[in-house]
Amino acid sequence: MNAIEVKNLKKSFGDFQAVQDATFSANAGEVLSLLGPNGAGKSTTISMLSGLLTPTGGDASIMGHSVTKEPELAKASLGVVPQDIALYPDLSARENLVFWGKMYGLRGAALKSRVDEVLEIIGLTDRQKDHVGKFSGGMKRRVNIGAALLHKPDVIIMDEPTVGIDPQSRRHILDNVKELNRQGMTVLYTTHYMEEAAELSNHIAIMDKGRVIAYGSHDELIKMVGQETRIDVTLNAEAEKILDAWRATEGVARIDSLDGKITALVDDSNRVLPRLFDAASKHGVRITSVDIQEPNLETVFLHLTGRALRD
Amino acid sequence: MKILAIAIKDLTRSFRSAFAIGMMVVAPLMLTGLIYFAFGSMSSGDVSMTAIKVGVVNADKLPDNSVLNVPIGDNIRSMFFDESVKSWIEASDYADEASVRAAVDKQEIGVAVIIPQNFTERYLSGKKDVQVLIVSDPTLSIGPAVVEDMVTMMVDGVAGGGIAIETIMERLQANGIQPNPTQIPSWIERYTNWYADFQRNLFHHPDKAVLVLVAPAADETKTANPLAQMMGLTMVGQMIFFAFFTGSNSMMSILREDEEGTLARLFTTPTNRTNILIGKFLAVFFTVFLQGMVLMAAGRFAFGIQWGQPASVALAFAAQMIAAVGLGVLLISFVKNTKQGGPVLGGGLTILGMLGGLFTANIPGGMPEAFNVIGNFIPQGWVLKGWRMALDGSAAGDLLIPFFITITMGIVMFAIGAMMFRKRYA
Ligand SMILES: Nc1ncnc2c1ncn2[C@@H]1O[C@H](COP(=O)(O)OP(=O)(O)OP(=O)(O)O)[C@@H](O)[C@H]1O
Ligand SMILES: [Mg+2]
Chain A
8 MNAIEVKNLK KSFGDFQAVQ DATFSANAGE VLSLLGPNGA GKSTTISMLS
58 GLLTPTGGDA SIMGHSVTKE PELAKASLGV VPQDIALYPD LSARENLVFW
108 GKMYGLRGAA LKSRVDEVLE IIGLTDRQKD HVGKFSGGMK RRVNIGAALL
158 HKPDVIIMDE PTVGIDPQSR RHILDNVKEL NRQGMTVLYT THYMEEAAEL
208 SNHIAIMDKG RVIAYGSHDE LIKMVGQETR IDVTLNAEAE KILDAWRATE
258 GVARIDSLDG KITALVDDSN RVLPRLFDAA SKHGVRITSV DIQEPNLETV
308 FLHLTGRALR D
Chain B
54 MKILAIAIKD LTRSFRSAFA IGMMVVAPLM LTGLIYFAFG SMSSGDVSMT
104 AIKVGVVNAD KLPDNSVLNV PIGDNIRSMF FDESVKSWIE ASDYADEASV
154 RAAVDKQEIG VAVIIPQNFT ERYLSGKKDV QVLIVSDPTL SIGPAVVEDM
204 VTMMVDGVAG GGIAIETIME RLQANGIQPN PTQIPSWIER YTNWYADFQR
254 NLFHHPDKAV LVLVAPAADE TKTANPLAQM MGLTMVGQMI FFAFFTGSNS
304 MMSILREDEE GTLARLFTTP TNRTNILIGK FLAVFFTVFL QGMVLMAAGR
354 FAFGIQWGQP ASVALAFAAQ MIAAVGLGVL LISFVKNTKQ GGPVLGGGLT
404 ILGMLGGLFT ANIPGGMPEA FNVIGNFIPQ GWVLKGWRMA LDGSAAGDLL
454 IPFFITITMG IVMFAIGAMM FRKRYA
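Protein sequence lines correspond, in order, to chains A and B.
Heads up: the first sequence runs through residues 8 to 318, numbered per my numbering.
Heads up: the second sequence runs through residues 54 to 479, numbered per my numbering.
Have a look at this one:
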């Protein structure tokens, strides 16, 4: 059984189709990233998964429970970390966690000890009595995540949890995600940062304009585009002196020179680069700079849409 | 269980909010206290009150192509110069802020009211960054409070009217009716005039203004302590007004949660949406209950008010709670966001309170007949009737008619409001 199963999910607001026929799934215990630019429909998709919005068409299930037919069961298996902080600023961190725990049906000693555990996980045991309103942005984000962990959900959905915070808190949160996943939670992670998607995920669904335009593992997605590593080189001499020798080098698929800069597409830069340096030495040419560009999700998005992921 | 957890959480938040506490118990007690001291000192000898000297700077101008005929500043200014307040307000015009402040410093006047140049323009455009400034002699206590009250009532009333018109327009448009925009200025105009007249008639007429009350003549008093009786009515008026305010204000927490994102988060938990609404309604009820208990106890101990026979008091109080919750739920179900909520509560409840006779409850001889009739259509009016009877010492049986009428109103309002909320959220 897939932990998350999304089938032909649709949502329109009036005439506007925010999500069109989204289909993807996540195996139990994996991290699935939903990657897409602003307005792609990520939050709308997540809102349907978490029971906030009713789909216009299609269906989705969490741990086998349809979000439209058995919403309470689906919600009970799910923890949701909303994109914007959703906490009570005039309650303390502990009071917030206790309240959200109760909303997931915990009570008594079990609730108390689980709140202690979660405070430990998010690293706020010392500050548990302070009002959330007084916390820094990064600390609020951590409580925001903590509130979704209380009932030990099988699946956790995080909507852009690292937007607008400092690199240190971001690192803390990414490590938290990995740790939760290591403990067996299935994570649906939404982001418009391709580095985060690449670092965390087993699978990635790329969304744009309400559609899932690509789905697969990081490597599969990159292969799908079929690009080789690109190497940009500059020399202390005329490109013509070396171009033919390099073109004949094993592993070089293509080589061009433009305005003194040489661009090569190679199958494996680790193997090919030393050969290029060797050939250069033999011809008495010096390489003055090298820039290696591994194909990445950005390139994939560019390839699929003709636009950059970040505008 | 979850319902209770939601209600308790809301209560905790209310009791941590300085504003909520202020409006729940501090304001009604302070206002009652003000009248108590004003009145108490008058009845102990010096009956004639020295007039409050007010200096007015009205720089307000009508913006270009305004919908109004006169700037709001003129309305505010004229309140202080009105024939009807001559006996207790002595107003004079000043050219600018500096000169009026100097007059306050030299104690030539007690209170300065400064209406800035672009007040009407900023106010009507919804930008409330420009305010009427009230500067007062720090040695005075009552005068400035009264002046402030007059200004806020006027301004809130105008704002309330503006929002009412906006809401009506939206409703009409939502139902496919295109109102003729050229009519709007005349609506605003008519409303403003009506409101100004209303203010004048109610508050500034010599024998109706709160501060020129004289002690009830000895022969018409039944009870041993006329002051306590008058205070009872004063306090009841304040208590009812602020109970309704509290009912609406605590209901507004649902809009606040909607804006804070916590309502959406609640909806992602395995909690039935109807139960979430019930939890919030319950919190409103508890809050109004606790507030009433505190006010009744404070009234008893601070001002010596005899509330009446326990069973009658219970009926009057129960009616007040149900009506305050009902109207709160209904009012807020029409409001889109907390920003809109403030003026709706301030203006709407002030108007309803006036029509229901809350601010004039303590005036001997009562109200013009027309107002007593209007009061019959307003929940506040019926709550007041119940309390009047309780204070008079009526038995519970006599209170049954106002009780049933009030709770029927309350339940109907609650039902409509709850239905609208269910449609909106559940
Ligand atoms: N309630 C709504 N009514 C109308 N349009 C909406 C509503 N919610 C979202 N949209 C529109 O649907 C589209 C998708 O929005 P969504 O919030 O799902 O994007 P997103 O991928 O989460 O973007 P971001 O990275 O900015 O959070 C946007 O064009 C948005 O304006
Ligand atoms: Mg989003």
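Think of the CB as a built atom: it goes at the ideal place given N, C-alpha and C, for glycine as much as any other residue.
Original post:
Taking the C-alpha atoms as reference points, what is the distance between L80/A and H72/A?
Top reply: Numbered from 1 along the first sequence, position 73 holds the residue referred to as residue 80/A. Numbered from 1 along the first sequence, position 65 holds the residue referred to as residue 72/A. L80/A and H72/A: Cα-Cα distance of roughly 6 Å.
Original post:
Cβ-heavy atom distance between K18/A and ligand 2 below 8 Å?
Top reply: The sequence position of residue 18/A within the first sequence is 11, counting from 1. For ligand 2, not one heavy atom lies less than 8 Å from the Cβ of K18/A.
Original post:
What does K392/B reach in chain A if we use C-beta pairs closer than 9 Å?
Top reply: To locate residue 392/B, count along the second sequence from 1; it is residue 339. The premise fails here: K392/B is roughly 18 Å from chain A at the closest Cβ pair, so nothing lies under 9 Å.
**OP:** Compare the C-beta of M54/B against all C-beta atoms of chain A and say whether one is closer than 9 Å.
**Re:** By 1-based counting over the second sequence, the position of residue 54/B is 1. Output row for M54/B: interface = yes.
Original post:
Sorry if obvious, but does the Cβ on E167/A come closer than 8 Å to a heavy atom of ligand 2?
Top reply: Counting from 1 along the first sequence, the entry for residue 167/A is found at position 160. Yes.
Original post:
Are the C-beta of K62/B and some C-beta of chain A separated by less than 9 Å?
Top reply: On the second sequence, residue 62/B is found 9 positions in, with the first residue counted as 1. By this cut-off, K62/B is an interface position.
Original post:
Mind checking if N58/B is an interface residue toward chain A, Cβ cutoff 9 Å exclusive?
Top reply: As a first step, residue 58/B is located in the second sequence; it is residue number 5 there, counting from the start. For the sequence presented, residue 58/B should be read as Ala rather than Asn. Yes - at least one Cβ of chain A is within 9 Å of the one on A58/B.
Subject >> F356/B burial status per 10 Å Cβ neighbour count (16 or more: buried) >> reply: Position 303 of the second sequence, counted from the start, is the residue given in the question as residue 356/B. F356/B comes out buried.
**OP:** Output, in chain order, the set of chain A residues within a Cβ distance shorter than 8 Å of E312/B.
**Re:** Position 259 of the second sequence, counting from 1, holds the residue named residue 312/B. None at all; the shortest Cβ gap to chain A is about 10 Å.
Original post:
Is R318/B close to chain A, meaning its C-beta is less than 9 Å from at least one C-beta of that chain?
Top reply: Stepping through the second sequence from its first residue, residue 318/B is reached at position 265. By this cut-off, R318/B is an interface position.
**OP:** Could you name the residues of the same chain whose beta carbon sits closer than 6 Å to that of L186/B, not counting the 5 residues immediately before and after it, in chain order?
**Re:** As a working note, residue 186/B is residue 133 in the second sequence. Cβ neighbours of L186/B beyond the five flanking positions: I167.
**OP:** Please decide whether N325/B counts as near chain A, where near means a Cβ-Cβ distance under 9 Å.
**Re:** Start at 1 with the first residue of the second sequence, and residue 325/B comes out as number 272. Chain A, which has a Cβ nearer than 9 Å to the Cβ of N325/B, makes this yes.
Subject >> Within 9 Å, strictly: CB atoms of I293/B and L84/B >> reply: Along the second sequence, one-based indexing puts residue 293/B at 240. Along the second sequence, one-based indexing puts residue 84/B at 31. No, Cβ-Cβ distance for I293/B and L84/B is not below 9 Å.
Subject >> Sub-9 Å separation of V219/A and D28/A beta-carbons >> reply: What you label residue 219/A is simply residue 212 of the first sequence in a count that begins at 1. What you label residue 28/A is simply residue 21 of the first sequence in a count that begins at 1. Taking 9 Å as the Cβ cut-off, V219/A and D28/A qualify as a contacting pair.
Subject >> Cutoff 6 Å; reference R475/B; Cβ partners in own chain excluding five residues on either side >> reply: As a first step, residue 475/B is located in the second sequence; it is residue number 422 there, counting from the start. None.
Original post:
Would the C-beta of A47/A count as close to ligand 1, meaning under 8 Å from any of its heavy atoms?
Top reply: Taking the first sequence and counting its residues from 1, one reaches residue 47/A at position 40. Because some heavy atom of ligand 1 lies under 8 Å away, the Cβ of A47/A counts as near it: yes.
**OP:** Classify F142/A as buried or exposed, calling it buried when 16 or more other Cβ atoms lie within 10 Å of its own Cβ.
**Re:** For the purposes of this step, residue 142/A is taken as residue 135 along the first sequence, with counting starting at 1. Its Cβ being crowded by 16 or more others within 10 Å, F142/A is buried.
**OP:** Assign L57/B to buried or exposed, taking buried as 16 or more other Cβ atoms, counted over all protein chains shown, within 10 Å of its Cβ.
**Re:** Taking the first residue of the second sequence as position 1, residue 57/B is located at position 4. With fewer than 16 Cβ atoms within 10 Å of its Cβ, L57/B is classed as exposed.
Original post:
Can you tell me whether DSSP reads Q215/A as helix, strand or coil?
Top reply: Start at 1 with the first residue of the first sequence, and residue 215/A comes out as number 208. Correcting the residue identity first, residue 215/A is Asp in this sequence and not Gln. Residue state, collapsed to three classes: strand.
Original post:
Identify the residues that DSSP records as bridge partners of H222/A: which are they?
Top reply: Against the first sequence, residue 222/A aligns to sequence position 215. Just to set this straight, residue 222/A is Tyr in the shown sequence, not His. A212/A.
Original post:
Among L156/A, K136/A, D137/A, which one has its Cα closest to the Cα of S84/A?
Top reply: Along the first sequence, one-based indexing puts residue 84/A at 77. Closest by alpha carbon: L156/A.
Original post:
From D272/B to I454/B, what does the alpha carbon distance come to, in whole angstroms?
Top reply: Within the second sequence, the letter at position 219 stands for residue 272/B. Within the second sequence, the letter at position 401 stands for residue 454/B. Note that D272/B scores a pLDDT of 38, beneath 50, so its modelled location is shaky; the value from the coordinates is reported in the next line. Looking at the two C-alpha atoms, the distance is approximately 30 Å.
**OP:** Evaluate V79/B with the Cβ neighbour count: other Cβ atoms within 10 Å of its Cβ, from every protein chain shown; 16 or more gives buried, anything less gives exposed.
**Re:** Residue 79/B sits at position 26 when you count from the first residue of the second sequence. Its Cβ having fewer than 16 others within 10 Å, V79/B is exposed.
Original post:
What are the boundary residues of the beta strand (DSSP E) that S296/A is part of?
Top reply: As a first step, residue 296/A must be located in the first sequence, where it is residue number 289. First-last of the beta strand (DSSP E) with S296/A: 294-300.
**OP:** Look at the Cβ atom of G48/A, then the Cβ atom of A25/A, and state whether they are nearer than 9 Å.
**Re:** For the purposes of this step, residue 48/A is taken as residue 41 along the first sequence, with counting starting at 1. For the purposes of this step, residue 25/A is taken as residue 18 along the first sequence, with counting starting at 1. Yes, the pair counts as a contact, with Cβ atoms nearer than the cut-off.
**OP:** Tell me, please, whether the stretch 361-380 of chain B touches the stretch 442-457 of chain B by the rule of three or more beta-carbon pairs shorter than 8 Å.
**Re:** yes
Subject >> Near-chain B residues of the stretch 54-71 of chain A (beta-carbon distance less than 9 Å), N- to C-terminal order >> reply: S54, S57, G58, L59
Original post:
R475/B CB to nearest chain A CB: under 9 Å?
Top reply: The count along the second sequence starts at 1 and reaches residue 475/B at position 422. Answer no: the Cβ-Cβ gap between R475/B and chain A never drops below 9 Å.
Original post:
Using a Cβ cut-off of 8 Å, which residues of the stretch 338-353 of chain B contact any Cβ in chain A, in chain order?
Top reply: none
Original post:
Does any CB atom of chain A fall closer than 9 Å to the CB of T299/B?
Top reply: As a first step, residue 299/B is located in the second sequence; it is residue number 246 there, counting from the start. No, its Cβ sits nowhere closer than 9 Å to a Cβ of chain A.
**OP:** Please state whether DSSP places Q190/A in a helix, a strand or coil.
**Re:** Residue numbering aside, residue 190/A sits at position 183 when the first sequence is read from its first letter. Three-state result, Q190/A: coil.
**OP:** Count the other C-beta atoms from every protein chain shown that fall within 10 angstroms of the C-beta of P160/A, then say buried if there are 16 or more, exposed otherwise.
**Re:** Numbered from 1 along the first sequence, position 153 holds the residue referred to as residue 160/A. Flag for P160/A reads buried.
Original post:
Does any residue of chain B bring its CB to less than 9 Å from the CB of F106/A?
Top reply: Numbered from 1 along the first sequence, position 99 holds the residue referred to as residue 106/A. Yes, because at least one Cβ of chain B sits closer than 9 Å to the Cβ of F106/A.
**OP:** From the DSSP output, in three-state form, read off F308/A for me.
**Re:** To locate residue 308/A, count along the first sequence from 1; it is residue 301. Correct three-state label for F308/A: helix.
Subject >> Chain-ordered chain B contacts of L41/A [CB-CB under 9 Å] >> reply: Position 34 of the first sequence, counted from the start, is the residue given in the question as residue 41/A. Near L41/A there are no residues of chain B at all, since even the closest Cβ is about 17 Å away, more than 9 Å.
Original post:
Comparing the C-beta of S303/B with each C-beta of chain A, is any distance below 9 Å?
Top reply: Translated into positions along the second sequence, residue 303/B becomes position 250. S303/B does not count as touching chain A.
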